[in-house]
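Right, one structure below, let's go through it.
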Amino acid sequence: MFSPPWQGLNPASNIDYRGNACDNPIVHDGHENGGTIESRITSQGQVSIPARIRRRLGLTKGSRIEWCERGEEVIVRRASTYSSLDIHRAVFSRPPPRKSLASLDEGIRSHMRRSHARR
């Protein structure tokens, strides 16, 4: 029975430079080379990602991937993308304190005095 090399590892050793865990490796179990899929590196340093992995990760032309280095292993995964709403929620996790009606009225009065004051 084939046992993947990452089984039994301490999850803390799977942390990449961003602090993300490198979990759930993709393995193809039908090849003679130990159950992994092989790709070749071109003379320009490019690598083709096998179709099965592209489909599983939902990768298409222009998709971003991350390379996670762990000792002698490199783990490739789809790069995380964040929406502007995700970033806004992270930066502004708490809404500003509510203002009282009296405070709003005073702000309007103050603005009107300044904007209509004689110069």
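Just so you know, we're using the working numbering here: the sequence shown kicks off at 3 and counts up by one. For every residue, glycine included, the Cβ atom is placed at its ideal position computed from N, Cα and C. Keep in mind it's a predicted model, so treat the numbers as computed, not measured.
Can you check the segment 37-82 for any alpha helix (DSSP H) of at least 4 residues that lies completely inside it and give the ranges in chain order?
DSSP runs (the alpha helix (DSSP H)) wholly in the segment 37-82: 53-59.
Put Arg-100 into one of helix, strand or coil per three-state DSSP.
Coil at Arg-100, not helix or strand.
By the three-class DSSP mapping on this structure, what secondary structure does Ser-85 have?
The answer is coil: DSSP assigns Ser-85 none of H, G, I, E or B.
Can you name, in chain order, every residue of its own chain whose Cβ lies under 6 Å from the Cβ of Glu-68, other than the five neighbours on each side?
Answer for Glu-68: Arg-79 and Ala-81, listed in chain order.
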